[in-house]
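Novice: Protein chains in written order, with our numbering: chain A, 1 to 337; chain B, 1001 to 1299. For glycine and all other residues, C-beta sits at the position ideal for the given N, C-alpha and C. Given the structure is predicted, the values throughout are model-derived calculations rather than measurements.
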């Protein structure tokens, strides 16, 4: 394993500073089996840092632990072990009122704009609830703040008395964004914010998120399974496989030259809307299926499906090392596929 | 459609792409009604007697759905379900049907197919279930295969392998394939011809290359610019289509797309254009057409 002095993505020297720092984060979920105590290794020893004002994209396939990691960072789940720092405060050590205070600055946007809004509350109540919770504004002042933030996200402020079912999917996602923004957060975790939306609406939300970032100097963790969307919005991208980050680095560098074989496979799997390029594209097809996170393969977790795996890959776990400036890869044969 | 042709029907939710496919099979749910003509060879599907339509479905046309878990019976073995699909029609004897199960699973590249035929659906992964569905669909050697969002529920690496499989099968079986999807990139990858639907209408259709390189309908044009591409070079702002798709209970007057169209003219508000040829083999339903718009990106 890595020595205490080794550079990890949490101590990436190419970052100016870190708004969020995740150190050795682990999350295990017990599974309800009567025979023995099995655990799901959802997140296993993840290190990363997020620079103020940047968007870090987090991609991976279903079950890779990306949503769990997002929830650990905002402390919706307690960590099994490890540390989550926000502005150099260890959130895993904070409780009660102190943690609540921090939450004001850390907000979340959810995937499903249908399930994440209370159908019995009006839009005005949904968006103003956080203001009341944190004792920031009530009554007339809260109303003004709600109308202001609704305007900012492109909703008609006259709709405050309407209910979520009266809105389309894209508009609901705007309500979710308004609710996250009303507290003036510095950091927003967006968990698959456009996956449930129609294609023509996705662009509206992506553009809105970019505008808001500029306007309010927001820092984003953007979680999605779609590489194209993640890459479009993100300055840097982290790729997860079975609870581990296998590669992290600047979006452009990863696009031009993915170093981890899994990143390369993901990239080659995504079709592009151009028939000429499609005729030439050869997806690298993986053998087998994603192994169970209850019993992940030893050493490199990708070795059972990796097209270039060697003997060492099943024996020694490759550390997530800085191979180039700002680029971390966990692979014995980085860049060789 | 002709034999061996792969046609993509693209559109957003509610654009009518699935209903179009269900109409072909006369499976539109009540109280829906289908009028017009649906010709299969010389035969009108809408005029077929009950026993004719039963043979037509399954024997001539097979459909693959988005969610393979809800389309398979959880308490029956996968192999048995494939055999049952053949028994339900008269192309093969019971004996032949039984013998064809394992080769069908092999054909859709399920490893250890002899053993896996005895598994229940829950023992299969999402991708394998979709393969089993495809095996069931092609077991009667249909001449038309309709795949409705066959990869939407799957991860991208699995999606890639299912697309490869569909491509191979369309060649091996010389069957016509209809791919219904919201994903333009999938269409570029698999189809020779594209039909773009919006609010229950075909707004544009033509050879894949023409549709992608030279789209004439503003909706097609905008849709292609609204999605980020995985090979995106520079960070360009996405072109978003304002507003939302119309409520089909009260569709807009004139061109159905005019409320969201950035290139509309007065005529679009009250007169619906016809689907007319704009280039050999390419048709569009628009008064304006993109070739007449100067510098569309700027508007």
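Return yes when the Cβ of residue 212 of chain A is within less than 9 Å of the Cβ of residue 177 of chain A, no when it is not.
Specialist: yes
Novice: Does DSSP put residue 1192 of chain B in a helix, a strand or coil?
Specialist: coil
Novice: Applying a beta-carbon distance threshold of less than 8 Å, which residues of chain B neighbour residue 191 of chain A?
Specialist: Near residue 191 of chain A there are no residues of chain B at all, since even the closest Cβ is about 17 Å away, more than 8 Å.
Novice: Taking the straight line between their C-alpha atoms, what separation do you get for residue 1242 of chain B and residue 7 of chain A?
Specialist: Rounded to whole angstroms, residue 1242 of chain B to residue 7 of chain A spans 46 Å at the Cα level.
Novice: With distances taken Cα to Cα, identify the nearest neighbour of residue 1203 of chain B among B:1240, B:1274 and B:1050.
Specialist: B:1274
Novice: Out of B:1206, B:1185, B:1271 and B:1297, point me to the one whose CA is closest to residue 1222 of chain B's CA.
Specialist: B:1297
Novice: Using a Cβ cut-off of 7 Å, pull out every chain B residue sitting near residue 204 of chain A, in sequence order please.
Specialist: 1240
Novice: Can you look up residue 996 of chain B in the DSSP assignment and give me helix, strand or coil?
Specialist: No answer is possible for residue 996 of chain B: the residues shown for chain B start at 1001 and end at 1299.
Novice: Any idea which residues DSSP pairs residue 89 of chain A with across the strands?
Specialist: A:86
Novice: Determine the chain B residues that contact residue 267 of chain A at a beta-carbon separation under 7 Å, and present them in chain order.
Specialist: 1230
Novice: Are at least three pairs of beta-carbons, each pair with one atom in the segment 224-237 of chain A and one in the segment 301-315 of chain A, less than 8 Å apart?
Specialist: no
Novice: Can the beta-carbon of residue 271 of chain A be found closer than 9 Å to that of residue 1189 of chain B?
Specialist: yes
Novice: Secondary structure at residue 47 of chain A, three-state DSSP: helix, strand or coil?
Specialist: strand
Novice: If you compare alpha carbons, which of B:1182, B:1224, B:1231 and B:1245 is closest to residue 1238 of chain B?
Specialist: B:1224
Novice: At 3 residues or longer, and completely inside the segment 1005-1088 of chain B: list those beta strand (DSSP E) runs for me, N to C.
Specialist: 1006-1010 and 1061-1064
Novice: Going by the beta-carbon positions, is the gap between residue 60 of chain A and residue 222 of chain A smaller than 9 Å?
Specialist: Their beta carbons are not under 9 Å apart, which means residue 60 of chain A does not touch residue 222 of chain A by this criterion.
Novice: Please report the residue range of the beta strand (DSSP E) in which residue 57 of chain A lies.
Specialist: 55-59
Novice: If we cut at 9 Å on Cβ distances, does residue 329 of chain A have a partner in chain B?
Specialist: Residue 329 of chain A does not count as touching chain B.
Novice: For the ligand FAD, I want to know if residue 1179 of chain B counts as a neighbour, meaning its beta carbon is within less than 8 Å of at least one of the ligand's heavy atoms.
Specialist: This structure lacks the ligand FAD; in fact it carries no ligand of any kind.
Novice: Give the range of the alpha helix (DSSP H) segment to which residue 163 of chain A is assigned.
Specialist: From DSSP, residue 163 of chain A is part of no alpha helix (DSSP H); its letter is neither H nor E.
Novice: So, residue 1016 of chain B versus residue 1200 of chain B, is the Cβ gap smaller than 9 Å?
Specialist: yes
Novice: Quick check: the Cα distance between residue 149 of chain A and residue 132 of chain A, rounded to an integer number of angstroms?
Specialist: 15 Å
Novice: If you follow the beta strand (DSSP E) that residue 1283 of chain B is part of, which residue opens it and which one closes it?
Specialist: 1282-1284
Novice: Counting only the same chain and skipping the five closest in sequence on each side, list residues whose C-beta sits under 7 Å from that of residue 1161 of chain B.
Specialist: Closer than 7 Å at Cβ, skipping near neighbours: 1127.
Novice: Using a Cβ-Cβ distance cut-off of 9 Å, determine whether residue 237 of chain A contacts chain B.
Specialist: no
Novice: What does residue 207 of chain A touch in chain B if you count any residue whose Cβ is under 8 Å from its own?
Specialist: 1237, 1238 and 1240
Novice: Skipping 5 residues on each side, what residues in its chain have a beta carbon closer than 6 Å to that of residue 142 of chain A?
Specialist: 128 and 131
Novice: Can you pull the DSSP bridge partners for residue 239 of chain A?
Specialist: According to DSSP, which records beta bridges pairwise, residue 239 of chain A is partnered with A:59 and A:247.
Novice: Assign residue 66 of chain A to one of two classes, buried (16 or more other C-beta atoms within 10 Å of its C-beta) or exposed (fewer than that).
Specialist: buried
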